[in-house]
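Here's the structure, in structure tokens; my notes come after.
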Amino acid sequence: MPSPQQARAQASAITSGKTAPEAEASPTSQLRVLFDGPHLSPGQRRIAQYLIENITEAAFLSITDLAERVGVSQPSVTRFAAAVGFTGYPALREKLQAIALGALAGGPGAEENSSNELQAAVDAEIDNLENLRRDFGDPDQLIAVGRELSRSTPLTILGLRISASLAEYFAYAARRIHPDVRLVTRGGSVAYDALLQSREAGGTWVLAFSMPRHAQETLTAVRVARSAGLRIALVTDLALGPVADSADVVFATGTGSRLVFDSYAAPGVMAAALLQAMTDADPERTQARLEEYEHISDQHQFFLRD
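Quick note on numbering: UniProt numbering labels position 196 of the sequence shown as 196, and the sequence is numbered without any gaps.
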């Protein structure tokens, strides 16, 4: 009889392909797709990030007001519109308004106005999870990356400063299903050594976590990994910016920012989904390793009996 974890691995395999039309991409995801193609200048990335973070209001601003809010010139906004494929700012604003109206139509009800600060923080995380649910409407990219992470031996997991907790969670679970997982939670030359050694040992991918505040040393480590020939899958809250620009694949999920310290409900689910994709990529190895681990844990009584 399979262990509960083996049974869960079998039962929760991800199904490829888009779900029913109701799983429309979230407004944030639509904007990330809209702005992801072209190579944007730093000033243009500031415009894009402002629109992503303030879409329901920013979509109705004049070009003058938008330029003032972002701190750029009006010609910069016009050039940004052209860079993302529009004839000018009016055409871009029309597209933004369509996205914003969709967001407003599906927005939270008025009853949330009576919530206290802690409830508001939970509500914000629910919104992040709802957006992630819509993103999962088409899981093909996640499935493909899970397959690549599964094949990379060794597989390096990078998370520095506040991001270390997510990296440690992922590495702990990944070691149950992957033969060689290397965790990097210290920056500087220690990270460089680990990344270079991983590549020399035959590794092909790094999974990096970058949560706010985004560390300069994370960007440096990612660039070192790229220069060594490693590919980067990034879990972060920003689809735009220097760290995302240095990654091969970006999984952007919202973080909770209503309390003094951020909360990571959506990034945690994203990490679990990538783990699931890795288990699906090689089910025979997954089952064999889980069975071996269950045997060892029983033999040495790792866990209490529930």
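Glycine residues also receive a C-beta, built at the ideal position from the N, C-alpha and C atoms.
Strand pairing of residue i, partner residues [DSSP]
i    : result
L155 : V181
L207 : I157 and A233
G256 : S263
For residue i, the three-state DSSP class (helix, strand or coil)
i    : result
F251 : strand
V235 : strand
G85  : coil
I296 : helix
V145 : helix
P90  : helix
A191 : helix
A14  : According to the sequence provided, residue 14 is Ile. The question's Ala does not apply to it. Residue state, collapsed to three classes: coil.
S62  : coil
V269 : helix
L219 : helix
Q119 : helix
L132 : helix
Q97  : helix
G43  : helix
G71  : coil
F302 : coil
P139 : coil
D282 : coil
Contacting residues, own chain, Cβ-Cβ under 6 Å from residue i (five flanking each side not counted)
i    : result
A171 : I157, V181 and L183
M270 : V235, F251 and T253
A174 : V181
A191 : V184 and A221
E148 : W205
A81  : G88, Y89 and L92
A124 : G256 and R258
R199 : A228, G229 and L230
G109 : Any reading at G109 is ruled out, since the residue's pLDDT is 43, under 50, leaving its predicted position unreliable.
Residue from the options with nearest C-alpha to residue i
i    : options                   : result
V77  : F60, A67, F86 and G85     : A67
A83  : L142, R45, E94 and G137   : R45
I145 : A273, E292 and D298       : It is worth fixing the name first, because residue 145 is Val in this sequence and not Ile. Residue A273 is the option with its Cα nearest to V145.
L155 : A167, I162, R161 and S163 : A167
Q74  : G159, I47 and Q299        : I47
R161 : A124, D65 and L219        : L219
A208 : E130, F60 and I232        : I232
A266 : S62, I126 and G188        : I126
S163 : D193, L129, Y264 and N131 : Y264
P179 : F86, S152 and V70         : S152
R186 : V249, G159 and D140       : G159
Proximal residues to residue i (C-beta, below 8 Å), its chain only, five neighbours per side dropped
i    : result
H214 : T236, L238, G241 and V243
L142 : I14, F136, F251, A273, L274 and A277
R32  : I52, A239, L240 and A252
Y293 : R176
G268 : L166 and Y169
Same chain only: Cβ atoms within 7 Å of residue i, ignoring 5 sequence neighbours per side
i    : result
D262 : M211, P212, T255 and G256
D282 : S150
R289 : R176 and I177
L196 : A228
Q97  : A59 and F60
Minimum Cβ-Cβ distance from residue i to chain B less than 9 Å
i   : result
T15 : As a matter of chain content, chain B is missing from the structure shown, which is built from one protein chain.
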